[in-house]
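Keeping their order, the protein sequence lines are chains F and G.
Going by the numbering used here, the first sequence opens with residue 246, and the numbers climb by one from there.
Going by the numbering used here, the second sequence opens with residue 153, and the numbers climb by one from there.
Virtual Cβ for every residue (Gly too), placed ideally from N, Cα, C.
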Amino acid sequence: MTTRTKTLAARRGGGDASRNLPLTYDPWILGAVLMLVGLGLVMVYSASAVTAQEKLGDSFHYLKRQGIAAFIGLLAMATAMKLGYRRMARLAWPLLLFAMLLLIAVLIPGLGTVVNGARRWIRFPGVSVQPAEVAKVCWAIYLAYSLAKKQDKVTHFSIGFLPHLALGGVLVLLCMPEPDFGSSVALLFLMFVLLFAAGTKLSYLVGSVLMALPFGYHAIASSPYRLARITAFMDPWANRKGSGYQVAESLMSIGSGGITGLGLGDGRQKLFFLPEAHTDFIFSIIGEELGLIGVALLVALYGVLIWRGIRAALNASEPFGSYLGLGITALIAFQAITNMAVAMGLVPTKGLTLPFVSYGGCSLIMLMGASGLLLSVSSTVEGARRRAVAQKARGHTRESTLVDGAEATA
Amino acid sequence: MRDLKRTAAARVDDPTRWVRLRVSMVGVVFLGLLAAVFARAVQLQVRERERLRGMAQDQYVRDVEIPARRGDIFDRRGVALAQSVDVDSIWVDPSQLLDVKLASYELAKKLDVDRAELYDRMQRAKRFAWVKRQARPEDVAAAKALGWPMLGIMREPRRFYPQRELAAHVIGLVGTDGHGLDGLELAFEDELSGDPTTRLGFRDARGRKLLTNGLEDVTARQGAAVTLTLDRQLQYVTERALESAVDGAKAVAGMAVVMDPKTGEILALANAPRFNPNAPEKSAPGALRNRSVTDAFEPGSTFKAFVVAAALDAHAITESSTFDCEKGAWAIGKHVVHDTHPHDVLTPGKILQVSSNIGAAKIGAALGREKLVDAFSRFGFAEKPDLGLPGAARGSIPFPRAEISLATQSYGQGLTASAIQLAAGYAALANGGTYMKPYLVSKVVDPDGVVLLENRPTAERRAVSEKAAKAVISMLESVVEKDGTAPKARMDEFRVAGKTGTAQKVDTVAKGYSDKRIASFIGVVPAENPRAVIVVIVDEPKTDIYGGLVAAPAFKEIATAAMPYLGAQPSRAPSAAPATVASAEKPAPRPKEPAAKNPVVAAIEALDTVTEPIAAGVVRVPDLKGKVSRQAVAMLLGASLEPRLDGSGRVTSQAPAPGSLVDRGTRVTLHLAGNAP
Numbered sequence: 246m247t248t249r250t251k252t253l254a255a256r257r258g259g260g261d262a263s264r265n266l267p268l269t270y271d272p273w274i275l276g277a278v279l280m281l282v283g284l285g286l287v288m289v290y291s292a293s294a295v296t297a298q299e300k301l302g303d304s305f306h307y308l309k310r311q312g313i314a315a316f317i318g319l320l321a322m323a324t325a326m327k328l329g330y331r332r333m334a335r336l337a338w339p340l341l342l343f344a345m346l347l348l349i350a351v352l353i354p355g356l357g358t359v360v361n362g363a364r365r366w367i368r369f370p371g372v373s374v375q376p377a378e379v380a381k382v383c384w385a386i387y388l389a390y391s392l393a394k395k396q397d398k399v400t401h402f403s404i405g406f407l408p409h410l411a412l413g414g415v416l417v418l419l420c421m422p423e424p425d426f427g428s429s430v431a432l433l434f435l436m437f438v439l440l441f442a443a444g445t446k447l448s449y450l451v452g453s454v455l456m457a458l459p460f461g462y463h464a465i466a467s468s469p470y471r472l473a474r475i476t477a478f479m480d481p482w483a484n485r486k487g488s489g490y491q492v493a494e495s496l497m498s499i500g501s502g503g504i505t506g507l508g509l510g511d512g513r514q515k516l517f518f519l520p521e522a523h524t525d526f527i528f529s530i531i532g533e534e535l536g537l538i539g540v541a542l543l544v545a546l547y548g549v550l551i552w553r554g555i556r557a558a559l560n561a562s563e564p565f566g567s568y569l570g571l572g573i574t575a576l577i578a579f580q581a582i583t584n585m586a587v588a589m590g591l592v593p594t595k596g597l598t599l600p601f602v603s604y605g606g607c608s609l610i611m612l613m614g615a616s617g618l619l620l621s622v623s624s625t626v627e628g629a630r631r632r633a634v635a636q637k638a639r640g641h642t643r644e645s646t647l648v649d650g651a652e653a654t655a
Numbered sequence: 153m154r155d156l157k158r159t160a161a162a163r164v165d166d167p168t169r170w171v172r173l174r175v176s177m178v179g180v181v182f183l184g185l186l187a188a189v190f191a192r193a194v195q196l197q198v199r200e201r202e203r204l205r206g207m208a209q210d211q212y213v214r215d216v217e218i219p220a221r222r223g224d225i226f227d228r229r230g231v232a233l234a235q236s237v238d239v240d241s242i243w244v245d246p247s248q249l250l251d252v253k254l255a256s257y258e259l260a261k262k263l264d265v266d267r268a269e270l271y272d273r274m275q276r277a278k279r280f281a282w283v284k285r286q287a288r289p290e291d292v293a294a295a296k297a298l299g300w301p302m303l304g305i306m307r308e309p310r311r312f313y314p315q316r317e318l319a320a321h322v323i324g325l326v327g328t329d330g331h332g333l334d335g336l337e338l339a340f341e342d343e344l345s346g347d348p349t350t351r352l353g354f355r356d357a358r359g360r361k362l363l364t365n366g367l368e369d370v371t372a373r374q375g376a377a378v379t380l381t382l383d384r385q386l387q388y389v390t391e392r393a394l395e396s397a398v399d400g401a402k403a404v405a406g407m408a409v410v411m412d413p414k415t416g417e418i419l420a421l422a423n424a425p426r427f428n429p430n431a432p433e434k435s436a437p438g439a440l441r442n443r444s445v446t447d448a449f450e451p452g453s454t455f456k457a458f459v460v461a462a463a464l465d466a467h468a469i470t471e472s473s474t475f476d477c478e479k480g481a482w483a484i485g486k487h488v489v490h491d492t493h494p495h496d497v498l499t500p501g502k503i504l505q506v507s508s509n510i511g512a513a514k515i516g517a518a519l520g521r522e523k524l525v526d527a528f529s530r531f532g533f534a535e536k537p538d539l540g541l542p543g544a545a546r547g548s549i550p551f552p553r554a555e556i557s558l559a560t561q562s563y564g565q566g567l568t569a570s571a572i573q574l575a576a577g578y579a580a581l582a583n584g585g586t587y588m589k590p591y592l593v594s595k596v597v598d599p600d601g602v603v604l605l606e607n608r609p610t611a612e613r614r615a616v617s618e619k620a621a622k623a624v625i626s627m628l629e630s631v632v633e634k635d636g637t638a639p640k641a642r643m644d645e646f647r648v649a650g651k652t653g654t655a656q657k658v659d660t661v662a663k664g665y666s667d668k669r670i671a672s673f674i675g676v677v678p679a680e681n682p683r684a685v686i687v688v689i690v691d692e693p694k695t696d697i698y699g700g701l702v703a704a705p706a707f708k709e710i711a712t713a714a715m716p717y718l719g720a721q722p723s724r725a726p727s728a729a730p731a732t733v734a735s736a737e738k739p740a741p742r743p744k745e746p747a748a749k750n751p752v753v754a755a756i757e758a759l760d761t762v763t764e765p766i767a768a769g770v771v772r773v774p775d776l777k778g779k780v781s782r783q784a785v786a787m788l789l790g791a792s793l794e795p796r797l798d799g800s801g802r803v804t805s806q807a808p809a810p811g812s813l814v815d816r817g818t819r820v821t822l823h824l825a826g827n828a829p
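Okay, here's the thing in structure tokens:
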């Protein structure tokens with residue numbers, strides 16, 4: 246409350262452009278992101294120490310790498326906050342093209358590195374880039390830019406719907422050969438959420454989903470490992486030694502934790518029973534070691550992110566900020582919910598990370614950078630409010646601010 | 153007014169309101185899904201917690217079941233016939249190997265295992281495959297020398313039969329998994345196997361032990377010890393005599409039983425051919441069969457004694473009754489019964505002495521069908537003997553409706569019996585007509601000293617009157633006289649009552665009698681106060697076919713060794729004449745030894761040489777607990793082990809553990825405590 250009053254006072258004091266004002270980022274979002282990153286570092290160490298010691302002779306191996314990524318992520322976040330999200334509008338197209346180039350590059354043998362049968366990484370000395378993670382954030386930026394620009398015509402099928410669908414299709418086609426089904430679904434989901442929010446007719450969305458069903462079915466049925474994931478999901482216990490192994494082990498881990506957990510570092514499932522304990526299945530280790538209390542904390546942190554992210558989107562001073570805020574929030578929410586649901590056997594295995602927590606430098610850096618943008622969106626909330634108040638005082642309607650903002654951006 | 157109107161219009165048309173609403177909806181849906189995820193966590197971590205935790209524990213707290221040390225099997229004097237020793241088995245974790253095929257070839261070469269079989273095992277197993285179970289010490293050394301981290305060595309108990317072939321048919325076998333496959337090992341599986349030890353150990357998914365949490369040996373319980381009525385010495389003598397009889401007659405098989413008629417205890421139970429239970433895979437086909445118990449055959453003339461006893465008991469005949477023996481051929485309907493030698497009129501005693509089939513048939517006819525069959529069943533025929541051995545034959549006595557059946561059954565054809573049943577039947581005659589239940593296992597005692605089973609002499613029933621039994625025994629003494637069928641069974645110092653048998657074997661293909669024979673001799677010795685009933689049966693002898701020639705000498709060999717051993721009082725002073733007969737018949741096995749040497753002593757000395765060393769260069773660590781240092785050192789040196797003492801007084805613990813197999817010269821550390829005496 247004090248913050249708000251202060252800002253209002255500052256705005257009243259004079260100045261015309263919001264960027265000249267002292268920026269006030271949403272402390273909830275910042276706090277939640279930092280806490281998630283911190284929790285992630287602790288859990289990555291706990292989950293990977295034994296495996297790292299075993300395989301690499303250094304129990305801190307994964308922690309060190311994740312720590313470096315978190316540091317780069319902090320820099321990315323600060324940069325994004327400093328630059329402000331508005332600059333992203335101009336970069337939307339170049340970023341999308343860059344992401345597409347990366348997605349193509351990773352498919353080239355020699356450039357893309359194969360891990361566990363999937364060609365998803367481009368290794369550079371010191372860092373490895375996961376193009377799909379880059380693409381998700383760039384796609385959110387592009388969609389926000391495009392929808393904000395087409396504001397009025399977004400409901401038109403050929404202007405507002407088809408081009409996005411086509412671009413989304415290109416991205417999915419680039420992701421599938423890796424193969425990366427999870428990212429493909431995330432990209433499409435992001436698109437649908439933003440199109441829905443922007444006002445695309447529900448019939449288009451539902452219709453296109455129905456049309457995509459046969460392709461989705463084909464994608465699953467044609468790939469033995471995806472089919473196995475479905476059967477594993479249907480009954481992990483029946484396939485406990487085979488395809489259901491991960492899910493069954495994950496369920497056992499989480500269940501073992503109980504309310505209070507076995508204690509940090511005392512989990513037993515990570516002793517090679519649970520594959521990818523520090524990456525895709527880190528939630529299982531949180532459930533085992535920290536129990537329901539730890540899960541509640543994690544869920545609460547994501548809840549805060551969603552709540553404050555949506556609030557930032559609603560209160561953004563212009564449509565681009567609004568859509569970008571929504572897009573980034575949706576990206577985080579979708580991955581978090583899906584990852585936890587997979588770990589608890591609610592949906593089939595996807596291969597999506599737990600945002601900010603799972604081991605994976607590229608994902609962490611991209612998401613922290615995106616959080617910087619979200620914070621940047623949130624920082625304009627007070628400005629929007631002030632402007633609304635001011636305009637109300639001048640007899641303007643509040644909703645026109647959004648239109649103004651859109652025009653300003655375009 | 154204008155403002156109000158605009159606001160109302162905006163509520164309906166303005167797209168931005170819809171945007172806000174839709175964005176909020178997306179937020180609400182996300183929060184709802186998040187709540188659902190949390191609800192699932194509550195379900196898993198609160199409601200299903202116990203079940204899931206239990207399942208998780210099942211995999212990392214692996215109960216390692218280690219079979220208990222199997223109980224030993226002892227003879228009546230406490231000599232071990234079957235023991236358990238700890239041996240090393242080698243296993244591998246194939247998931248840790250880069251090239252399973254190459255590795256399996258290497259292992260097969262180094263450890264002398266079948267290459268294809270090993271590769272197959274290693275391919276099928278995810279994380280654990282036996283490379284070689286019950287490996288020899290040199291294999292273990294070779295495995296260690298390879299230095300592969302994925303190779304493991306596990307101690308497993310292994311069954312070992314220190315007396316090799318001795319009583320192998322009775323004791324039976326265990327498989328590599330330590331479960332009984334045959335004989336007493338199978339029959340007393342539950343008692344012998346004991347309770348397996350359960351060890352709790354935390355293991356990761358690769359099966360490596362991470363830590364143990366003090367819960368070892370929760371239910372360690374050794375198997376129960378089984379004590380038999382068999383006597384190792386008598387068993388040895390019996391087996392040796394039977395084997396030489398079978399070999400000498402070029403027969404296919406043989407059976408022999410020595411029984412104490414007063415108690416029903418089986419003192420020896422032998423079969424030929426024999427096998428070494430330490431290497432059963434090397435034995436001849438059929439050698440594993442415990443024929444004495446499992447095979448029922450047509451016994452032939454030995455059955456005549458039961459017929460005479462039953463007829464005397466029923467007062468159908470008297471000892472002085474006479475029967476016309478029809479000069480060797482008697483027609484019954486279209487069948488003709490033959491004797492080997494033609495006779496005129498004979499008394500029952502004479503009929504037994506010369507083994508007249510016609511005489512026996514006439515006695516059977518005098519007794520009648522019902523009474524004959526009744527008498528047979530009182531002697532224990534067509535009744536499964538309860539020895540605790542698997543697969544005991546019941547034998548069969550079909551009711552003799554036809555005249556000819558009555559006749560043939562009276563001389564032991566057209567019915568079947570096992571060697572054990574014959575021994576028990578003769579034991580009833582020798583025991584004054586009282587049938588004692590035959591038994592083989594005297595005691596089963598668990599390690600806490602609880603007696604699980606104890607057999608005592610049991611008088612089952614009266615088979616015939618004492619008078620009839622005694623009369624038949626005395627008639628049977630004439631069989632071993634010069635004009636009887638088995639003078640070769642005659643002993644110098646002991647009176648022998650016996651009966652020969654030379655039965656025709658049924659030809660299963662031609663549905664009639666073949667020219668194959670089963671030659672037998674059953675003797676009771678000493679006749680006046682029987683201490684042993686000895687049955688010797690030779691299956692399909694080739695050189696001679698008569699029981700008096702083929703089986704009687706083996707009986708004599710067994711009886712000669714058994715009588716002094718059992719402490720029987722000689723019936724008479726040895727006369728000069730029969731002694732020369734005896735020496736001519738059976739040359740002393742060791743001519744250089746003094747002639748006066750007791751044959752039992754010689755036999756027992758010979759016996760010690762059959763005890764098998766466990767493996768070349770390998771010795772078993774003796775149990776030294778409670779021994780004083782001097783004694784312990786002497787025992788270790790005697791076992792070719794190097795003692796190393798720690799402390800003084802009596803041995804409180806030792807390493808390696810008692811019973812383990814170690815290389816000769818291995819250092820055994822003894823911890824001593826207390827005051828030296």
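Would you say ALA405 (chain G) lies against chain F (beta-carbon separation less than 8 Å)? no
Helix, strand or coil for ASN836 (chain G), going by three-state DSSP, please let me know. Examination of residue 836 (chain G) is not possible in this model, given that chain G is present from 153 through 829 alone.
Alpha-carbon to alpha-carbon, VAL198 (chain G) and ALA578 (chain F): If you draw a straight line from the Cα of ALA578 (chain F) to the Cα of VAL198 (chain G), it is about 25 Å long.
Using DSSP with H/G/I as helix, E/B as strand and the rest coil, what is MET280 (chain F)? MET280 (chain F) falls in the helix class under three-state DSSP.
Measure the alpha-carbon distance for LEU788 (chain G) versus MET302 (chain G) and round it to whole angstroms. 35 Å
Proximal chain F residues relative to GLU200 (chain G), where beta-carbon distance stays under 7 Å: GLY500
Reference MET288 (chain F); option with closest CA among F:ASP525, F:PHE565, F:PRO424: F:ASP525
Chain-ordered neighbours of TRP273 (chain F) on chain G, where CB pairs are closer than 8 Å: Those do not exist, as TRP273 (chain F) stays about 14 Å from chain G at its closest Cβ, beyond 8 Å.
Grab the span of the beta strand (DSSP E) containing PRO309 (chain G) for me, first residue to last. In the DSSP assignment, PRO309 (chain G) falls within the unbroken beta strand (DSSP E) covering 303-312.
Please go through the same chain and pick out, in chain order, the residues whose beta-carbon is closer than 8 Å to the beta-carbon of SER529 (chain G), but skip the five residues on each side of it. GLU535, ILE549
Got a sec, what are the start and stop residues for the beta strand (DSSP E) HIS490 (chain G) sits in? Its beta strand (DSSP E) spans residues 487-490.
Residues that ASP334 (chain G) bridges to, as DSSP identifies them: G:LEU325
Per-residue DSSP class, three states only, for VAL702 (chain G): helix
Using beta carbons (cut-off 8 Å, strictly below), is MET497 (chain F) in contact with chain G? At least one chain G Cβ lies under 8 Å of MET497 (chain F).
Are ASP271 (chain F) and SER616 (chain F) closer than 8 Å when you measure CB to CB? Inclusion of ASP271 (chain F) and SER616 (chain F) in the CB contact set at 8 Å is not warranted, their separation being larger than that value.
Can you confirm whether TRP384 (chain F), when its beta carbon is compared against all beta carbons of chain G, has any partner nearer than 8 Å? no
Please name the residue or residues paired with PRO795 (chain G) in a DSSP beta bridge. G:VAL820
Proximal residues to ALA830 (chain G) (C-beta, below 7 Å), its chain only, five neighbours per side dropped: With chain G running from 153 to 829 in the structure shown, residue 830 (chain G) is simply not present.
Sort F:LYS446, F:ALA545, F:SER562 by Cα distance to ALA191 (chain G) and report the nearest one. F:ALA545
For the candidate residues G:TYR665, G:VAL624, G:LEU797, whose alpha-carbon lies nearest to that of LEU822 (chain G)? G:LEU797
Is ALA376 (chain G) closer than 8 Å to LEU604 (chain G) when the C-beta atoms are compared? yes
Beta carbon of ALA582 (chain G), beta carbon of PRO722 (chain G): below 8 Å? no
Give a yes or no on whether the C-beta atoms belonging to VAL459 (chain G) and CYS477 (chain G) are separated by under 8 Å. no
Proximity test, Cβ basis, 8 Å: MET589 (chain F) and chain G: It does: the Cβ of MET589 (chain F) has a partner Cβ on chain G nearer than 8 Å.
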